[in-house]
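Residue numbering for the sequence shown follows this note's numbering, starting at 1 and increasing by one per position.
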Amino acid sequence: MDADKTLNDILVKIFNDLMEIEEKCLINGEFMNISSNDMHIIEAIGIEEPKKMSQIARAMNVTTGTLTKAVEALEQKAYIVRNRSQKDRRVVMVSLTEQGERAYWHHARFHENMIHDIKEELSEEETAVLIATLGKLVKFFRKKYEPYLKNKK
């Protein structure tokens, strides 16, 4: 197998496996009634102060209109609450409920454990090389495909 095919196969496998693993590890027990996309919306809302719909949409790389349906569903399932801003009634502020915060921490622990387990398999030098290499990949994809990215953080 040549290097191009091997690299492509590895990148595709990592992407697909991570999506499947995250779905199966996160969407269970108490959180069976939401999707992994919902978990990412919960993550984007965060546990700090309430956020504007536009802030969440930007973090998710979607339009506010697209986000609205998912937010409505999460509100019906009692993961989030929406309130009008006291300063500007046109602005909708979103925050997590207690159940939403439990989902947020469930997701955060999954990622913390994943990183811990990866680092357990690598030496400090290998960890540094992995970080540098993945950092270069991120820069490459952001530069090469910038027109396709809505959120360029």
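All C-beta atoms, glycine included, are put in the ideal place defined by N, C-alpha and C.
Predicted, not measured: the structure shown is a model, and the values here were computed from it.
CA-to-CA distance, Ser85 to Glu23, given in whole angstroms: 33 Å
Since Val94 and Ile80 should fall inside the 8 Å C-beta cutoff, what is the C-beta to C-beta distance between them, to a whole number of angstroms? 6 Å
Can you list, in chain order, the residues of its chain with a C-beta nearer than 7 Å to that of Ile47? Leave out the 5 residues immediately preceding and following it. Leu96, Glu101, Tyr104
Going by C-alpha distance, which of Thr68, Ala78, Asn28, Val71 is nearest Glu98? Ala78
Roughly how many angstroms lie between the CA atoms of Lys154 and Gln76, to the nearest whole one? Residue 154 falls outside the range modelled here, since the chain spans only 1 to 153, and no answer is possible.
Would the stretch 106–114 count as touching the stretch 12–27 if we require 3 or more Cβ pairs under 8 Å? yes
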